[in-house]
Amino acid sequence: MSGADARPRTSSRWVRDHRTPIVLGTAAALLGAFATGATVVAADRDRDARTAQTQVTDTAAELDATRTELDGAVARAETAESRIDDAETEAATRQAELDERESGLDEREQDVAGREKAVSKTEKTIENNRIDEGVWTVGTDVEAGTYRTTEPVSGDCYWAIYRSGTNQDDIVQNDIVTGGRPTVALRDGQDFETNRCGTWDKQ
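Under full-length UniProt numbering, the first residue of the sequence shown carries the number 1, and numbering increases by one thereafter.
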């Protein structure tokens, strides 16, 4: 046996037996690292998911708040529009009432004006057909016709009818009345005198 042959030989089985624990340890370490990494990744993903969920929840809450605010604004706008419509309707109703009242006032004014005109005409007619104290020429100062005292006379009522142009020398008729309502008939071409008899109205 030579020197080379005299070296001790390492058994292949022994090598295999000592390599196995090393391989297993390395595999276990790798598996542990992978598991740790997977756990970390899972934790990060879970945190990101929770963050995203929180953001989604917050966004949904903001949307709900915005929607609620918008609904409130729409409701207020509708209420305001309804009030405006009511105000316009009320204003139109009042305007119609005012127009109706104004129309009624116009009719009343026209009626009053007509009555005033009629009264004025009547007063003018009465004035033209009324004889006061004094001497008057029939046909010039007063109209011919039958006249009667407006009120019953009291005391000495003197009246006289003269032929015009005679300076009261030609007496047609005269009288002194102490009561009642005397009546006279006047014709053109005569003068009429009345004293203390009040007014005379044409009949």
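Glycine is no exception: its CB is placed at the ideal position from the N, C-alpha and C atoms.
Per DSSP, cross-strand counterpart(s) of residue i
{"i": "E193", "result": "V135 and A160"}
{"i": "T183", "result": "R148"}
{"i": "R45", "result": "Paired residues: none, contrary to the question."}
{"i": "K124", "result": "Beta-bridge pairing links K124 to no other residue."}
{"i": "N174", "result": "A160"}
{"i": "R130", "result": "D201"}
{"i": "V56", "result": "V56 is not bridged to any residue."}
{"i": "V142", "result": "V138"}
Whether residue i touches residue j by CB criterion (8 angstroms)
{"i": "V184", "j": "I161", "result": "yes"}
{"i": "L186", "j": "Y147", "result": "yes"}
{"i": "T194", "j": "T150", "result": "no"}
{"i": "D188", "j": "A118", "result": "no"}
{"i": "D132", "j": "R196", "result": "no"}
{"i": "N129", "j": "D175", "result": "no"}
Other residues of its chain near residue i: CB distance less than 8 angstroms, five sequence neighbours each side excluded
{"i": "D191", "result": "V135, W136, T137, V138, I161, Y162, R163, S164 and Q168"}
{"i": "L98", "result": "none"}
{"i": "D170", "result": "Y162 and R163"}
{"i": "D111", "result": "none"}
{"i": "residue 259", "result": "Nothing can be reported for residue 259: it is not among the residues displayed for the chain, which extend from 1 to 203."}
Environment of residue i [buried if 16+ CB atoms lie within 10 Å]
{"i": "V74", "result": "exposed"}
Residues near residue i by beta carbon distance below 7 angstroms, same chain, minus five either side
{"i": "P152", "result": "G179, G180 and R181"}
{"i": "A77", "result": "none"}
{"i": "R83", "result": "none"}
Any non-hydrogen atom of the ligand GDP within 7 angstroms of residue i CB
{"i": "R94", "result": "The ligand GDP is absent from the structure shown, which contains no ligands of any kind."}
Close beta carbons around residue i, own chain, < 6 angstroms, minus the five adjacent residues each side
{"i": "Q203", "result": "T146 and R148"}
Would you mind listing the beta strand (DSSP E) stretches within the UniProt region "Disordered" (77 to 121) that are 3+ residues and don't spill past its ends, in chain order? none
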